[in-house]
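Peer 1: For the sequence shown, the residue numbers in mature numbering (1 follows the signal peptide of the UniProt record, and there is no 0) are -15 to -1, 1 to 379.
Ideal placement from N, C-alpha and C gives every residue a C-beta, glycine not left out.
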Amino acid sequence: MRVLSLLATLKLAVAYMIEMPDATIGMEDSLTHLSNGVKKHDGWHLRSGDKGSIVQFKHKNDKHDEWSMELVIKEPRLRHPNFAGIYLWYTDEPITPGEYKGGPGVFKGVVAGLEFLGQAADIVVAVNHGEIDFHGLHADETELKDVPDPSIFKGHQEFTFKVISTSKNFKIEIYGDHDTLLYDKVRYTDMKEISSRFSGKFFGVSTTYHAPLADSIVLKDVRFFNREEGPGYDPHEVNAETPEVHPRLPHEVDHPNVEIQHTISSVEYLTKYLRVVLGEPMNKPITENLTYLKKMINFQSAHVLELKDALTAMAQISKKHDASEHSYREEVLHRIGVVEHILHGLMQRKEAPLKHHTSTTHIGLCFVAAVSLAFACGYFLAQRQTQTLKLSKH
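If you want it as structure tokens, here you go:
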């Protein structure tokens, strides 16, 4: 037991994480400048009219290469399809109002945000090297997005949106009431993807809305930390609990259209099935998910090639079948021609002046010939059908 305790202690010692508060970033008037927002007793309402707000933190982060930043907000209580987003910027220059997530489309740095659509919330991260205007571009071209299960946010009145930036990783964490960890899956562990996030940049906050004027995001607190991670700290570890997802029956879906209720229910059951078959890739960091998806695409591509080969083989079999069918058709026609020739000769002989019993014999021969013709045609058609079945089984 002593050995195990010692090993556990050593593991904790190398896997430590320490955060020290830094008072140079905060909500005091001397530290910030609020544009197009309203300061009230319950926090800063980051909206005025139909426009979002801009919060500029006056002091540049010139001390800490490894840091974390927390934005504490009230749950906005939106109804679908109303939208509201809050974004934390870390850029070379202080942000200004613009059309890209409430800020400038061209910037040098990184922006991470929490986007609410009704009761659901998405996490987004975008990196710009100051060379491309993101305004007007499709979201798939500019940002990394993850869509958490909306059920994790239910029942919480406040959220803490936390951005962590160290030499090991850049990740997002979301906490609910009583510091309950709700989400910690979006992360970059390849620092080439995220560019420079070290000291020497400015922090800023922006908001944007597609919602009634009464709906706004309320900022209650801002906390900035110097963060230190030990050599044994695992940047890939996911600590948030994954809630069990139960597909809904059609009548349980909150939508007035019955067809849409059934569609949503079917999609949820399909998603549940895929999770059972393929596992839970969303429990892994996004970079690992991309690798997983590449492997799956390569795997499916191999199956597509196999299917292509099978279709080619079937086409060749079909050609052989057509050739065989043509051969049988020609042979049947030839046999029919022979029988017709025999019948024609017999009929000519029948018309000659012969005795009655001879005429009866001729009639019998004609009957036998007709039966032979039918038998021959049936035989060759049966042979062709048997060959067709054999070819179809290849």
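(1) Rounded to a whole number of angstroms, what is the C-alpha to C-alpha distance between Asp223 and Lys24?
(2) Rounded to the nearest angstrom, what separates Leu102 and Ala295 at their Cα positions?
(3) For Gly185, which option in Pro79, Ser250, Val203 has the closest C-alpha, if you only look at C-alpha atoms?
(4) Report the residue from Glu158, Val252, Tyr254, Asp219 whose alpha carbon sits nearest the alpha carbon of Glu226.
(5) Take Lys45 as the anchor and find which of Ser38, Ala69, Thr127, Tyr75 has the nearest alpha-carbon.
(6) Kindly identify the DSSP beta-bridge partner or partners of Phe146.
(7) Would DSSP call Met5 helix, strand or coil?
(8) Using CA coordinates, which residue listed in Ala(-1), Lys36, Tyr1 is at the minimum distance from Ser201?
(9) If you compare alpha carbons, which of Glu116, Ile117, Gln104, Ala124 is closest to Val110?
(10) Could you check which residue in Thr165, Asp162, Lys153 has the C-alpha nearest to that of Pro216?
(11) Would you kindly check if the distance between the Cβ of Phe119 and the Cβ of Gly90 is under 7 Å?
(12) Examine the Cβ distances between the segment 39 to 58 and the segment 4 to 20 and report whether three or more of them are shorter than 8 Å.
(13) At what residues does the beta strand (DSSP E) containing Ala(-1) begin and finish?
(14) Could you tell me if Ser15 is buried or exposed, where buried requires 16 or more neighbouring beta carbons within 10 angstroms of its beta carbon?
(15) Since I believe Asn67 is in contact with Pro197 (beta carbons under 8 Å), could you give me their beta-carbon distance rounded to a whole number of angstroms?
(16) If you reduce the DSSP assignment to three classes, tell me which class Phe169 lands in.
(17) With the cut-off set at 7 Å, would you say Glu55 and Lys147 are in Cβ contact?
(18) Pick out whichever of Pro235, His231, Glu237 has its Cα sitting closest to the Cα of Lys257.
(19) Whole angstroms is fine: what's the gap from Leu259's alpha carbon to Leu167's?
(20) With 16 other CB atoms within 10 Å as the buried threshold, where does Val243 fall?
(21) According to DSSP, is Val252 part of a helix, a strand, or is it coil?
(22) Am I right that Ile149 and Asp131 are in contact with their C-beta atoms under 8 Å? What's the rounded C-beta distance?
(23) Does DSSP classify Ala196 as helix, strand or coil?
(24) If I follow the unbroken beta strand (DSSP E) through Ala111, where does it start and stop?
Peer 2: So, to answer that:
(1) Along the sequence shown, read from residue 1 onward, the residue named residue 223 stands at position 238. Along the sequence shown, read from residue 1 onward, the residue named residue 24 stands at position 39. Note that residue 223 is Val in the sequence shown here, rather than Asp. Approximately 36 Å, taken between the alpha carbons.
(2) What you label residue 102 is simply residue 117 of the sequence shown in a count that begins at 1. What you label residue 295 is simply residue 310 of the sequence shown in a count that begins at 1. So the two alpha carbons sit approximately 46 Å from each other.
(3) Position 200 of the sequence shown holds residue 185. Cα-wise, what sits closest to Gly185 is Pro79.
(4) Here residue 226 corresponds to residue number 241 of the sequence shown, with the count starting at 1. Closest option to Glu226, Cα to Cα, is Glu158.
(5) Stepping through the sequence shown from its first residue, residue 45 is reached at position 60. Comparing Cα positions, the closest option is Tyr75.
(6) In the sequence shown, the residue the question calls residue 146 occupies position 161. In DSSP, Phe146 forms a bridge with Leu56, Ile159.
(7) By one-based count along the sequence shown, residue 5 stands at place 20. Strand.
(8) Here residue 201 refers to the residue found at position 216 of the sequence shown. It is Lys36.
(9) Here residue 110 corresponds to residue number 125 of the sequence shown, with the count starting at 1. Of Glu116, Ile117, Gln104, Ala124, the residue nearest in Cα terms is Ala124.
(10) Stepping through the sequence shown from its first residue, residue 216 is reached at position 231. Checking every option, the nearest Cα to that of Pro216 belongs to Lys153.
(11) Numbered from 1 along the sequence shown, position 105 holds the residue referred to as residue 90. Numbered from 1 along the sequence shown, position 134 holds the residue referred to as residue 119. It is a contact, given that the beta carbons lie within the stated cut-off.
(12) yes
(13) Your numbering for residue -1 matches position 15 in the sequence shown. Bounds of any beta strand (DSSP E) do not take in Ala(-1), whose DSSP letter is neither H nor E.
(14) Locating residue 15 in the sequence shown gives position 30, counting from the first residue. It counts as exposed.
(15) Indexing the sequence shown from 1 puts residue 197 at position 212. Indexing the sequence shown from 1 puts residue 67 at position 82. Pro197 to Asn67, Cβ: 7 Å. Contact.
(16) Here residue 169 corresponds to residue number 184 of the sequence shown, with the count starting at 1. The amino acid occupying residue 169 in the given sequence is Asp; Phe does not appear at that position. In this structure, Asp169 counts as coil in the three-state DSSP scheme.
(17) To locate residue 55, count along the sequence shown from 1; it is residue 70. To locate residue 147, count along the sequence shown from 1; it is residue 162. Cβ atoms of Glu55 and Lys147: closer than 7 Å.
(18) Within the sequence shown, residue 257 is the residue found at index 272, counting from 1. Ranking the options by Cα distance to Lys257, first place goes to His231.
(19) Residue mapping note: residue 259 aligns to position 274 of the sequence shown, counting from 1. Residue mapping note: residue 167 aligns to position 182 of the sequence shown, counting from 1. Near 24 Å, if we compare the C-alpha coordinates of Leu167 and Leu259.
(20) Along the sequence shown, read from residue 1 onward, the residue named residue 243 stands at position 258. With fewer than 16 Cβ atoms within 10 Å of its Cβ, Val243 is classed as exposed.
(21) Locating residue 252 in the sequence shown gives position 267, where the first residue counts as 1. Assignment of Val252 by DSSP, reduced to helix, strand and coil, places it in the helix class.
(22) To locate residue 149, count along the sequence shown from 1; it is residue 164. To locate residue 131, count along the sequence shown from 1; it is residue 146. Incorrect: roughly 15 Å between the Cβ atoms, too far for contact.
(23) In the sequence shown, the residue the question calls residue 196 occupies position 211. Here Ala196 sits in coil by DSSP.
(24) Position 126 of the sequence shown, counting from 1, holds the residue named residue 111. Note, Ala111: beta strand (DSSP E), 105 to 114.
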